[in-house]
Amino acid sequence: MPFPGGTTKHLPRVASRVAVVATLAAVGVLAAAQAALASWQQQNAPLPGTISDLTAVSCPASNTNFCEAVGSYSDNSGTHLLAEDRGGFTWFQQSISGPTGSELNDVFCTSNAMCIAVGDQPSGSNTVTFAEIWNGTGWTVQTVPSPSGATKAVLDGIGCTSTSRCIAVGSSSDGTTTVTLAAIWDGMSWSLQTTPNPVGATNSALDNVSCNTSTFCAAVGDSSPGTGTQTLAEAWNGTTWTIQTTPNPAGNFNQLNDVSCTLPTACTAVGRGFAERWNGGSWSLQTIAGTGGNTPADLTGVSCTSATTCSAVGTFFDSEAVEQLVAEAWNGTTWRVQKPPITTSFDSSGLSDIKCRSATQCTAVGFYHDPTTGDKALVEVYAPRWQPETVPAPSGALTTSLAQVSCASGSFCEAVGLAEDSGSTFPAFAEQWNGVSWTVQSTPNAADTNLNGVSCTSTTTCMAVGAQVGAGNTPVTLAEAWNGTSWTALSTPNPAGAARSFLTSVSCRSSTSCMAVGFWVDGSGTQQALAESWDGTNWTIQSTPDPSTGNTVELQGVSCGSATACTAVGTYLTPSNTLLAESWNGTNWTIVSMTNPNGTTDGFINGVSCRSATSCVAAGDYNNGSQVVPMAEDWNGTNWTAANAAVPSGATGSGITAISCAAATSCTATGFLTNNSGTFALAERWDGTNWAVQSVPSPVNGVTRSDLSGVSCTLPTHCMGVGFYEDVSGNDFALSELYA
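Each residue of the sequence shown is one higher than the one before, starting from 1 at the first, in my numbering.
Structure (structure tokens):
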């Protein structure tokens, strides 16, 4: 959709969005969508051997990029220990060895440099306790004592409060009686603890443990008085273990498989067909949700992030008596069933453990059974997702496109863009998001205007910039301000002698401090950088340096880390496309060197997001010799460092047009990817270490062309992306995708 008399905001490697003018039977054809929620997705995990499964997972709160999973796999030489870690979004198999026949039943990590996994190993005709420790680079076997006289000793669960305080629980047997078992790690060695057993019980075991502080742990399991089993819970006060009274649902066989405590007064335990809640004084039964199958859910893993938020996983048998995975979520009042999807061929499945960092960030592990090749390790992740939202069109508009968006909160965003009406005029338009839906706003636009950038510091303070057709059909700069009620056009200057002037991006720190950038063209055709500042009353042109080797300069993005620190990015021709970055120190603009990854050429930087004067991330794309791929640049206050962003699988070309960082280790970038089926919207996420491509659904069926040209994130788990898509008739429509 070209802007009359000039150009549009540059979209790298994407052909101009030419609207096919046609009368539409209806405007705003996006199907109504619910607000985006977190959902389960299968992740790819290494599948060693012919058979594999994962039994436990740990995701430390101290490192949001890391999870560790343990289990086993089999090949022609036997069964082996399996350890895998996720550093960001990709799982890797680790090297781990142990005695033949050893098993790992649980793992706990305090960081990505300290994990302990526990289980058991054969010792002659006996079975003894077993543990391994991870130091960030490798696994090492630990010595764990077994009770004297035990013929079988097993560690089934572990909980840690620090690198020097872990407690593992399980059971030991002398061949006649099975009793509870606990061991404590002090950072140097393991030692056994004394644990009680219910009076009259012939068999007792602790299946898992959760430690909230050094003076509180809760362990759960079961005991048998001779017939059937009953629930068992024990509490550690820093000195001794004490049996707690636990209720039992109807039936003769009851046990608690796992427990998670967020406070010494808030624990949740799960078992076969039920859950129990600890309030600091007593345990009480909870009713879990029904599965609709032949059996209730057998919940084997639970993880709570607050007193009112828990997630649990396990298995059930469906109506055909086939074992299937299940997940259930607790909201403080009720449990509800979830069904994580499996995208590979399978006939049965199960989840054994889960760890959550928040209500919308969980990782679960288990297995699925491939009908041809057997059991395979399974990883499922519960996380926010992208979902299209309905974008209404202005009255009379035939085509629409959104260029940029800015969100002051999860329930307030402003998006700006360009429309085309039946009179072939191109009015700019704005839309407001209230947390549920978009609403078209009235803007003081002439017939031919274009809004490219917007920045909001509150629900009552936004600034939008772009260009409008002035006298003699000449594009000149444009700015409009939102005061919480209406948009107002502001007077903006243009460079002396300018034949055309455009503002492409704006960043505001307050209602009296904004910086806008763009470019202008003089009478001889030389294109130069443009920057203007807003002081709450007037816009003022600032002096910006241009590279001495280029005569076509364009600033595409700007972000201000403070009122006296802004970064602008763009491109200039020398004669190929060269990266450009300029820094504002409150007084002057200075060019800062920026290079492509691996020294390659032909690159574009299209967006930048700064958290402070010394922390910015910019993004765009470059030619790596075989295709156009995304890239990112990191600013530390002194230098830019180039990095490759993720290349979408199967893409023949891809690029980033916008970026927003909600935290120092959380950025979301949007743009486009091209493959054999067309050009589609792209989203990527940076977790402080790695970039990963995210799935972006099409707004309607049959879309073969779309782009997300703008994005704004208020939280790592809440982003709004905007752009356009082309329908099957070739018409452009505004696109909005919510990640929340």
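No residue lacks a Cβ here, since even glycine has one placed at the ideal position from N, Cα and C.
Round the Cβ separation of residue i and residue j to the nearest angstrom and send it over; I've been treating them as touching at under 8 Å.
| i | j | result |
| --- | --- | --- |
| PHE604 | THR571 | 5 Å |
| ALA565 | ASN585 | 7 Å |
| SER74 | THR100 | Contact flag wrong, Cβ pair sits at about 12 Å. |
Given a cut-off of 8 Å, decide if residue j and residue i are closer than it, judged by their beta-carbon atoms.
| i | j | result |
| --- | --- | --- |
| SER660 | GLY671 | no |
| LEU155 | ASP120 | yes |
| THR262 | ASN248 | no |
| VAL553 | ALA568 | no |
| GLN142 | ALA131 | yes |
| ALA56 | ALA377 | no |
| GLN94 | THR343 | no |
| VAL416 | ALA430 | yes |
| THR425 | ASP448 | yes |
| SER706 | TYR725 | yes |
| ALA61 | ARG357 | yes |
| THR461 | SER511 | yes |
| MET114 | TRP134 | yes |
| LEU735 | VAL391 | yes |
| GLY702 | GLY710 | no |
| ILE184 | ILE167 | yes |
| GLU737 | TRP438 | no |
| SER58 | LYS339 | no |
| VAL259 | VAL209 | yes |
| ASN588 | THR614 | no |
| ASN450 | GLY466 | yes |
| ALA692 | ALA646 | yes |
| THR315 | VAL326 | yes |
If you reduce the DSSP assignment to three classes, tell me which class residue i lands in.
| i | result |
| --- | --- |
| GLY273 | coil |
| GLY730 | coil |
| PRO597 | helix |
| ALA218 | strand |
| ALA766 | With the chain covering 1 to 740 only, the question about residue 766 has no answer from this structure. |
| VAL693 | strand |
| TYR725 | strand |
| GLY466 | strand |
| PRO122 | strand |
| GLN94 | coil |
| PHE130 | strand |
| TYR739 | strand |
| VAL365 | strand |
| SER204 | strand |
| ASP258 | strand |
| SER706 | strand |
| SER303 | strand |
| SER491 | coil |
| THR714 | strand |
| ASP370 | strand |
| GLY417 | strand |
| VAL199 | coil |
| ILE342 | coil |
| VAL436 | coil |
| ALA681 | strand |
| ASN212 | strand |
Note the first and the last residue of the continuous beta strand (DSSP E) segment covering residue i.
| i | result |
| --- | --- |
| ALA516 | 513 to 522 |
| SER311 | 309 to 317 |
| SER58 | 51 to 58 |
| ALA498 | 498 to 510 |
| GLY453 | 449 to 458 |
| VAL337 | 335 to 338 |
| PRO388 | 386 to 389 |
| GLU320 | Careful: GLU320 lies outside any beta strand (DSSP E) and carries neither H nor E. |
| GLY157 | 152 to 162 |
| ASN445 | Note, ASN445: premise wrong, no beta strand (DSSP E); not H, not E. |
| THR668 | 666 to 675 |
| ALA746 | The chain is shown from 1 up to 740; residue 746 falls before or after that span and cannot be answered. |
| ASN105 | 103 to 111 |
| ASP353 | 348 to 358 |
| ASP687 | ASP687 -> no beta strand (DSSP E), and no H or E assigned at all. |
| LEU81 | 78 to 87 |
| PHE66 | 66 to 75 |
| THR140 | 139 to 142 |
| THR240 | Counting along the chain, THR240 falls outside any beta strand (DSSP E), and DSSP gives it neither H nor E. |
Subject >> Ordered list of beta strand (DSSP E) runs contained in the region 581 to 659, each at least 3 residues >> reply: Taking only runs of at least 3 residues, the beta strand (DSSP E) segments lying wholly in the region 581 to 659 are 589 to 592, 603 to 612, 615 to 623, 628 to 635, 640 to 644.
Subject >> 3 or more residues per run - each beta strand (DSSP E) lying fully within the region 531 to 577 >> reply: The qualifying runs are 539 to 542, 553 to 562, 565 to 573.
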